[in-house]
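Undergrad:
Numbering (my numbering), first residue to last: 1 to 511.
As structure tokens, this is what we get:
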């Protein structure tokens, strides 16, 4: 007898429908799975068989043919264990056949019938919400909170195959998971770190505030122990909270990568990713036989911190150029090409030289001028063009270290950042861009008019620094953010002057 069970899989971070067709027919006992299954799907035969038997149900020793449609897309992962088991049990009248209609099934089965968490539950729920014929999802209980974001889609979390049967026989005995979007976002402002922990570094603190206000990329240059990492880790604490759309998009990426904790809902805190400089190209950009998100996508809507950036592989650094410009990363394979969102804010940190003490006020640098130049030139000019803010982070003075007076708190800084972003939102309300850093050249000309005095100062600055056309545009965007922080409608000379001060690397004679 034939049963058709609705399920879902992933292409990148997008869910798509998979119909699991199960035909149980008298004949030589054999299970055949077709429809481009990978090894983990083929192995589901043994997990499903044992789980059904250990759940006190009957596994039919007949000829069982399982087709995963559409047949031209490769299926991977253990997510099809539950729909295959439900299809077998419905085909043998152990589960009610009518009850499986309009229901999406997802889940990995343990040998004892336990349902284990899966990846991509949120993407599956979004796809199911778009289908008129699907009204219910049954999946592992550990994923239920993540998937319950739509009022018109019932989400049931089950802990075992037996519990799935109970839901199908009598849904009234089990309540669907509540949609609790408001409550899930309550703790988005709770961080373990705060800007008031920092001592000194007023210039760098101001640069971080400007970066947060406009979504600008920043690189900090300074000796070891000067506070670069502390500043970077506190950047999320001064960024505005994520909107619902941003939380859903961020959670989809982390869910597809299998990085959502069990029984967790949407991710409301902005991501902070800090990959080690030995990380591979695929780990940073994304990849694999079936492409999965990399660090630059996992930092979408958040911060990508690249400590000791000159130590990263050259190919890894150059791969950042497209996502920094376009906000997406494309991963191509022979059978498929996938686009992942990658609209992140990059924070980079570097020592000024291999030993770390070039220009230090106390320790003497042991590097030759050529070593210093060669070290920082590992960061290519095109990549530096895409970093709006370059700031020196010098060694702290003893008086600053001994000071007991706390600095300005993250809460106070965040209020200014939020006000600046509100002005950007109003200015860009008819545009796809959300921040000054995302302005196109045309929008820059239309929305950021410059007075004659500002143009004259800008012309002189560009000649002295030798800026490219891209860096020239980014200088204006940075000045626009500084003006927004000052609550001024137009860019003034002092805003351009401050933006120029954040081009430290362009002013270094030894670069």
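Yeah, the Cβ is synthetic: ideal placement off N, Cα and C, and Gly gets one too.
A quick note: this is a predicted structure, and the numbers were derived from the prediction, not measured.
Compute the distance between the beta-carbons of residue 106 and residue 85, then report whether it is under 8 Å.
TA: no
Undergrad: Within 10 angstroms of its Cβ, does residue 363 collect 16 or more other Cβ (buried), or is it exposed?
TA: exposed
Undergrad: Taking Cβ positions, are residue 483 and residue 490 nearer each other than 8 Å?
TA: yes
Undergrad: Would you tell me roughly how many angstroms separate the C-alpha atoms of residue 503 and residue 124, rounded to the nearest one?
TA: Annotation: residue 503 to residue 124 spans about 45 Å, alpha carbon to alpha carbon.
Undergrad: I'd like the span of the alpha helix (DSSP H) that includes residue 394, first residue to last.
TA: Segment: none, residue 394 is in no alpha helix (DSSP H) and carries neither H nor E.
Undergrad: Assuming residue 6 and residue 104 make a contact with CB atoms under 8 Å, what is their CB distance in whole Å?
TA: 5 Å
Undergrad: Which residue comes first and which comes last in the beta strand (DSSP E) that contains residue 4?
TA: Note, residue 4: beta strand (DSSP E), 2-11.
Undergrad: Should residue 471 go down as buried or exposed, given a rule of 16 or more other Cβ atoms within 10 Å for buried?
TA: buried
Undergrad: Put residue 176 into one of helix, strand or coil per three-state DSSP.
TA: coil
Undergrad: Just curious, the beta strand (DSSP E) that residue 25 is in, first and last residue?
TA: 14-25
Undergrad: Assuming contact is defined by CB atoms lying nearer than 8 Å, are residue 388 and residue 208 in contact in what I supplied?
TA: Contact: no.
Undergrad: Near residue 501, what residues of its chain come up, given a Cβ to Cβ distance below 6 Å and the 5 sequence neighbours on each side ignored?
TA: none
Undergrad: Short check: CB of residue 212 to CB of residue 417, under 8 Å?
TA: Yes, Cβ-Cβ distance for residue 212 and residue 417 is below 8 Å.
Undergrad: Buried or exposed: where does residue 39 fall if 16 or more other Cβ atoms within 10 Å of its Cβ makes it buried?
TA: With fewer than 16 Cβ atoms within 10 Å of its Cβ, residue 39 is classed as exposed.
Undergrad: To the nearest whole angstrom, what separates the beta carbons of residue 127 and residue 16, a pair I think is in contact under 8 Å?
TA: Rounded, the Cβ-Cβ distance is 6 Å, consistent with contact.
Undergrad: Under 6 Å Cβ to Cβ from residue 410, same chain only, skipping five residues before and after it: list those, please.
TA: 194, 195, 237 and 238
Undergrad: Sort 57, 41, 415 and 436 by Cα distance to residue 241 and report the nearest one.
TA: 415
Undergrad: Within the continuous alpha helix (DSSP H) that includes residue 121, where are the two ends?
TA: 121-129
Undergrad: Rank 438, 453, 12 and 179 by C-alpha distance to the C-alpha of residue 291 and give the top, closest one.
TA: 12
Undergrad: Cα separation between residue 408 and residue 399?
TA: 18 Å
Undergrad: Taking 8 Å as the threshold, find out whether the segment 278-295 comes into contact with the segment 334-352 through three or more Cβ pairs.
TA: yes
Undergrad: Taking Cβ to Cβ, would you say residue 24 is nearer than 8 Å to residue 60?
TA: The answer is yes: Cβ separation under 8 Å.
Undergrad: Given that a residue counts as buried once 16 or more other Cβ atoms are within 10 Å of its Cβ, and exposed if not, what is residue 92?
TA: Buried: at least 16 other Cβ atoms inside 10 Å.
Undergrad: Straight-line CA distance for residue 323 to residue 77?
TA: 28 Å
Undergrad: Look up residue 67 in the DSSP assignment and give the residues it is bridged to.
TA: DSSP lists 21 and 34 as partners of residue 67.
Undergrad: Assuming residue 262 contacts residue 142 (C-beta within less than 8 Å), just tell me the rounded distance between them.
TA: 4 Å
Undergrad: Compare the beta carbon distance of residue 254 and residue 267 with 8 Å and say whether it is the shorter of the two.
TA: yes
Undergrad: Contact check, residue 113 vs residue 168 under 8 Å by CB: the rounded distance?
TA: With 8 Å as the limit, residue 113 and residue 168 do not qualify as a contact, their Cβ atoms being about 15 Å apart.
Undergrad: Between the C-alpha atoms of residue 144 and residue 132, what's the straight-line distance to the nearest angstrom?
TA: If I take the Cα positions, the gap works out to 21 Å.
Undergrad: What residues in its chain sit with their C-beta under 7 Å from that of residue 53, if we drop five residues either side in the sequence?
TA: 59
Undergrad: From residue 186 to residue 50, what distance separates their C-alpha atoms?
TA: Any reading at residue 186 must be qualified, since the residue scores a pLDDT of 48, below 50, and its modelled position is unreliable; the value itself is stated next. Their Cα atoms are separated by approximately 42 Å.
Undergrad: Quick check: is the beta carbon of residue 129 nearer than 8 Å to any beta carbon in chain C?
TA: Checking the listed chains, one finds no chain C in this structure; it contains a single protein chain.
Undergrad: Tell me whether residue 187 sits in a helix, a strand or coil according to DSSP, three-state version.
TA: Any reading at residue 187 needs caution, since the residue's pLDDT is 46, under 50, leaving its predicted position unreliable; the model's value is listed next. Residue state, collapsed to three classes: coil.
Undergrad: Where does the unbroken beta strand (DSSP E) through residue 338 begin, and where does it stop?
TA: 337-341
Undergrad: Just how far apart, CA to CA, sit residue 424 and residue 443?
TA: Between residue 424 and residue 443, the C-alpha separation is close to 12 Å.
Undergrad: Pick helix, strand or coil for residue 113, following the three-state DSSP scheme.
TA: coil
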